[in-house]
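> Heads up, the final residue of the sequence shown is numbered 440 in the working numbering, and it's a clean run with no missing numbers.
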Amino acid sequence: MAPIAAPANDAPTLGWDTVFAVTTDELTDAIKRRGSSPKSMKTAPSGLINLVVTADFGDWEVIPGGDGGIVNFALPMTNLVGNYVLKGVPGTVACADALAVIGIKLNVAPHIGPAYGVDGKQLPPADAGTTRHALTPRSTTNDPLDPVAIINTVDFRTPLSDPQAHGVVKQAIGDWCNDNLGDFEHVFAFIDLNDQMATGAWAFCKPHTMSYAYVDRVDKKSGFLAVLCMTSADSVPNQQVDGFAVPPGCGAGLLIRSKRFLVDMVQPGLLKMWPNLKATDLEIASDDKILKMKAGTSVLLPDVTDKNGNGPYSPKLLIFELQILGTELQITTHTEVEVSPGVYGTNTSVNWYTITLGSNAKGEQTLVYTQSRLPSNTQGNRTDSGVAIVAGLLKAIIVVLGVLAIVLTDG
Numbered sequence: 030m031a032p033i034a035a036p037a038n039d040a041p042t043l044g045w046d047t048v049f050a051v052t053t054d055e056l057t058d059a060i061k062r063r064g065s066s067p068k069s070m071k072t073a074p075s076g077l078i079n080l081v082v083t084a085d086f087g088d089w090e091v092i093p094g095g096d097g098g099i100v101n102f103a104l105p106m107t108n109l110v111g112n113y114v115l116k117g118v119p120g121t122v123a124c125a126d127a128l129a130v131i132g133i134k135l136n137v138a139p140h141i142g143p144a145y146g147v148d149g150k151q152l153p154p155a156d157a158g159t160t161r162h163a164l165t166p167r168s169t170t171n172d173p174l175d176p177v178a179i180i181n182t183v184d185f186r187t188p189l190s191d192p193q194a195h196g197v198v199k200q201a202i203g204d205w206c207n208d209n210l211g212d213f214e215h216v217f218a219f220i221d222l223n224d225q226m227a228t229g230a231w232a233f234c235k236p237h238t239m240s241y242a243y244v245d246r247v248d249k250k251s252g253f254l255a256v257l258c259m260t261s262a263d264s265v266p267n268q269q270v271d272g273f274a275v276p277p278g279c280g281a282g283l284l285i286r287s288k289r290f291l292v293d294m295v296q297p298g299l300l301k302m303w304p305n306l307k308a309t310d311l312e313i314a315s316d317d318k319i320l321k322m323k324a325g326t327s328v329l330l331p332d333v334t335d336k337n338g339n340g341p342y343s344p345k346l347l348i349f350e351l352q353i354l355g356t357e358l359q360i361t362t363h364t365e366v367e368v369s370p371g372v373y374g375t376n377t378s379v380n381w382y383t384i385t386l387g388s389n390a391k392g393e394q395t396l397v398y399t400q401s402r403l404p405s406n407t408q409g410n411r412t413d414s415g416v417a418i419v420a421g422l423l424k425a426i427i428v429v430l431g432v433l434a435i436v437l438t439d440g
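#1: Taking just the CA atoms, how far does Gly-278 sit from Ile-353?
#2: Can you check which of these residues, Tyr-373, Gln-359, Gly-409, Thr-412, is closest to Leu-403 by C-alpha distance?
#3: Expressed to the nearest angstrom, what Euclidean distance is found between the alpha-carbon atoms of Ala-163 and Phe-253?
#4: Measuring straight from C-alpha to C-alpha, what distance separates Cys-234 and Ser-240?
#5: If you compare alpha carbons, which of Phe-219, Val-177, Leu-128 is closest to Asp-184?
#6: Which complete beta strand (DSSP E) runs does the region 330-411 hold, if anything under 3 residues is left out?
#7: For the alpha helix (DSSP H) containing Met-302, list its first residue and its last residue.
#8: Can we say the region 103-118 touches the region 71-84, given the rule of at least three CB pairs closer than 8 Å?
#9: How about Leu-210 and Pro-166: do their beta carbons lie closer than 7 Å?
#10: In this structure, how does DSSP classify His-162 when only helix, strand and coil are distinguished?
#11: Alpha carbon to alpha carbon, what distance is there between Ser-168 and Ala-194?
#12: Take the Cβ of Val-419 as the centre, count every other Cβ of all protein chains shown within 10 Å, and call the residue buried at 16 or more, exposed below.
#13: Give the range of the alpha helix (DSSP H) segment to which Asn-209 is assigned.
#14: Would you mind stating whether Pro-105 and Asp-212 have Cβ atoms separated by less than 7 Å?
#15: Looking at C-alpha atoms only, which residue of Asn-389, Thr-309, Gly-280, Asn-410 is the closest neighbour of Gly-325?
#16: Between which two residues does the alpha helix (DSSP H) containing Thr-53 stretch?
#17: CA-CA distance, Ala-99 and Val-91?
#18: Thr-395: buried (16+ other C-beta within 10 angstroms of its C-beta) or exposed?
#19: Taking only heavy atoms of the ligand SAH into account, decide whether any of them is closer than 6 Å to the Cβ of Gly-87.
#20: Could you spell out where the beta strand (DSSP E) holding Pro-119 opens and where it closes?
#21: Assess, as a yes-or-no matter, whether the region 62-77 is touched by the region 285-302 under the definition of 3 or more beta carbon pairs within less than 8 Å.
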């Protein structure tokens with residue numbers, strides 16, 4: 030499978046908590062490897078001439094042209110033969126090579142029985158408290174205005190023996206697809222949905238609601254199908270996916286809604302790192318791209334000791350802001366520490382990070398914050414009214430601020 034990566038563009042989730050998108054090439058490759066395409070078709074007699082069409086199928090392919098809930102498929106056919114009776118006289122129409130294009134919808138439903146991956150290996154059972162669901166072709170409908178399949182085109186790549194039969198043959202193929210799409214036994218995705226909404230760290234990995242959507246790339250030469258999930262109590266968005274969810278050269282892309290990343294990943298880490306920080310001290314900006322301390326809030330940080338063993342000193346965090354800037358995180362902090370009664374060292378720090386895959390101490394795969402640029406540190410000092418800084422304190426301020434900068438960066 031082609032690599033999975035974060036999108037180069039700032040691709041939004043359009044309100045979904047997580048989006049996992051796969052390219053049409055990867056989808057078609059999975060269909061071929063699984064051998065899930067129907068092998069042949071034989072239509073029921075149709076029309077006044079009782080036309081019966083038979084053909085052999087090649088591997089079905091996911092192709093551009095779909096949108097939202099509609100996914101387009103190309104159906105290669107060989108040895109197409111149509112037998113009919115016109116005014117009591119039997120007749121035959123034939124085509125050696127044809128290609129039909131249909132549009133269908135998919136269906137999300139609980140999956141019963143064993144589940145297998147693209148490699149044919151059986152998947153482990155769903156965890157307790159979850160129900161396994163499968164994303165499969167929809168094969169039934171109760172709405173005549175919403176058929177199982179829409180026959181878009183039939184391209185007779187070798188000439189049909191009777192060109193006047195084009196319309197009735199196309200209709201017969203469309204009728205077969207509507208009546209027999211259940212023969213296309215392909216699972217596009219398995220997902221284990223929580224029976225109840227999850228809470229706590231990594232809750233964004235535990236969806237309770239899912240849907241799907243298709244979108245073409247900007248060049249219309251390919252596209253991708255996305256599994257859309259909700260993990261929070263927010264309202265379920267429309268059935269759509271952004272056109273940049275999969276980066277060029279990659280087979281798939283994973284998007285996490287910025288709000289979920291900040292609330293479910295960043296915030297728990299901050300509360301653990303700084304025990305005096307409370308969730309109520311933090312707020313998220315209206316664009317869901319910034320997590321920051323509320324104005325007027327100060328948080329007492331863990332004590333520090335300088336390199337000479339002096340201290341302990343009790344720094345305060347006065348400003349914290351984490352902003353998502355494309356594929357980077359920009360973290361701005363402003364701290365101060367009292368190094369002598371009424372004398373404070375101040376430090377404003379800006380750090381930049383990217384998120385990469387790495388391993389934790391147990392060797393398990395996890396997300397790792399990697400510094401992407403050199404940090405910016407601006408150090409200074411201030412005093413309470415009526416307090417003067419003696420020369421010796423300036424050196425002490427610099428030493429303590431240096432220790433504090435290291436502590437904040439390591440955190």
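The beta-carbon is built from N, C-alpha and C at its ideal position, and this holds for glycine as well.
Answer, in terms of the structure:
#1: 24 Å
#2: Gln-359
#3: 18 Å
#4: 15 Å
#5: Leu-128
#6: 345-354, 357-369, 372-388, 394-400
#7: 296-302
#8: yes
#9: yes
#10: strand
#11: 27 Å
#12: Since pLDDT at Val-419 reaches only 49, below the 50 mark, its modelled position is unreliable, and the value read off the structure follows with that caveat. Exposed is the call here.
#13: 195-209
#14: no
#15: Thr-309
#16: 53-63
#17: Residue identity differs from the one stated: residue 99 is Ile in this sequence, not Ala. Their backbone Cα atoms lie some 11 Å apart in a straight line.
#18: exposed
#19: Summarising the ligand content, the structure contains no ligands, and the ligand SAH is consequently not present.
#20: 118-133
#21: no
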